[in-house]
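Going letter by letter, the sequence shown gives residues 6 to 196 in my numbering. See structure below.
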Amino acid sequence: MSARDPLENVPPELLDWHKGALAGDPVVCAAPQPGQPEFPCIQNQAFHALHSDVLGRTWPAGEETLRVAPRTVTVETLDHGPVALEEPSWCAVEHPAGNHRSGIRHDGVEHAASVDVPGRGRVKFLTANLCQFPFAEHGSRDVTVVVEIDGEHAEFNPAGLGDLAAAITAHALYGLLPLRDRLQALQEGEA
Numbered sequence: 006m007s008a009r010d011p012l013e014n015v016p017p018e019l020l021d022w023h024k025g026a027l028a029g030d031p032v033v034c035a036a037p038q039p040g041q042p043e044f045p046c047i048q049n050q051a052f053h054a055l056h057s058d059v060l061g062r063t064w065p066a067g068e069e070t071l072r073v074a075p076r077t078v079t080v081e082t083l084d085h086g087p088v089a090l091e092e093p094s095w096c097a098v099e100h101p102a103g104n105h106r107s108g109i110r111h112d113g114v115e116h117a118a119s120v121d122v123p124g125r126g127r128v129k130f131l132t133a134n135l136c137q138f139p140f141a142e143h144g145s146r147d148v149t150v151v152v153e154i155d156g157e158h159a160e161f162n163p164a165g166l167g168d169l170a171a172a173i174t175a176h177a178l179y180g181l182l183p184l185r186d187r188l189q190a191l192q193e194g195e196a
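As structure tokens, then:
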């Protein structure tokens, strides 16, 4: 890199987020910086009061255009014809025609953890989002959070989501970090 390259002294992990923002990685906010579109926000999709770029410059998050869902939508269903329903402001998906009324589903923005996996690149896991089946016939009609676990989508209420977060934290602290330390010791010959 040349002495004129503004990214020359940027840590590799920040460069990865910057590249993800430029490539449209769904985990990265990538909100354009006013006057500097080549340096988008490198924060993750979670809420943040200030956007920041790879060089540490910040700008208010409120400057981006927010998507506001319409109050009602009409969905053409197989079993009930056109169904009008309230669209929650957090719903981020279109509702396709041709489904049964009980299959109408509201889904919020996905949030996922991600990690670089050798040979595969950046891999998402534990994808989660708000979800609701407003006309469910057999399950709950409440808003829940669905989390992808082992290829399945499990629904959680607030207490269950707290339990999941506690289990993930405990696994990181008492499973993964001790394994990392043991592996490092083995690689350094202190078996």
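Beta carbons: idealized from backbone N, C-alpha and C, even for Gly.
Residue range of the unbroken alpha helix (DSSP H) whose run includes residue i
i	result
Q189	182–192
E18	17–28
Neighbourhood of residue i by C-beta, 7 Å cutoff - its chain only, sequence neighbours within 5 removed
i	result
H23	I47, V59
P11	L60
V98	D112
As assigned by DSSP and simplified to three states, the class of residue i
i	result
D168	helix
G113	coil
H3	Residue 3 lies beyond the stretch modelled for the chain, which goes from 6 to 196, so this question has no answer here.
D55	First, the amino acid is wrong: residue 55 is Leu here, not Asp. Correct three-state label for L55: strand.
P31	coil
A175	helix
A97	coil
P42	coil
A159	strand
A118	strand
T70	Residue confidence is low: T70 scores 43 on pLDDT, short of 50, so the model does not pin down where it sits. No coordinate-derived value is stated.
M6	At M6 the pLDDT is 42, less than 50, meaning the model places this residue with poor confidence; the figure from the coordinates comes in the next sentence. M6 falls in the coil class under three-state DSSP.
Limits of the unbroken beta strand (DSSP E) element including residue i
i	result
G86	86–91
I154	149–154
L135	126–137
P65	63–65
Own chain partners of residue i with C-beta closer than 6 Å, once the 5 adjacent residues on each side are dropped
i	result
A74	Low confidence applies here, because A74 scores a pLDDT of 46, under 50, leaving its location unreliable; read the following figure in that light. For A74, where only same-chain residues beyond five positions count, the Cβ hits under 6 Å are E92, S94, C96.
H158	V151
T132	E115, A117, E153
Q137	H111, V148
Sequence-distant residues of its chain with Cβ nearer than 8 Å to residue i (five each side left out)
i	result
V122	V128
C34	A26, P45, C46, I47, Q48, N49, Q50, H53, H56
G29	A35
Residues bridged to residue i (per DSSP)
i	result
E81	P87
N14	Answer is none; N14 lacks a bridge partner.
Check: residue i C-beta below 7 Å from any heavy atom of the ligand PLP
i	result
E13	For the structure depicted, the ligand PLP is absent and the ligand set is empty, with no information on it obtainable.
CB contact below 8 Å: residue i versus chain E
i	result
T79	Annotation note: the requested chain E is absent from the structure, which comprises a single protein chain.
Check: If you pair each beta-carbon of the segment 159–178 with each one of the segment 134–149, do three or more pairs fall below 8 Å?
Finding: The segment 159–178, when compared against the segment 134–149, does touch it at the 8 Å Cβ threshold.
Notebook entry, point to check: How about the segment 41–55 and the segment 77–88: do they share at least three Cβ pairs that are nearer than 8 Å?
Noted result: Fewer than three beta-carbon pairs drawn from the segment 41–55 and the segment 77–88 are found closer than 8 Å, and the two stretches are therefore not classed as touching.
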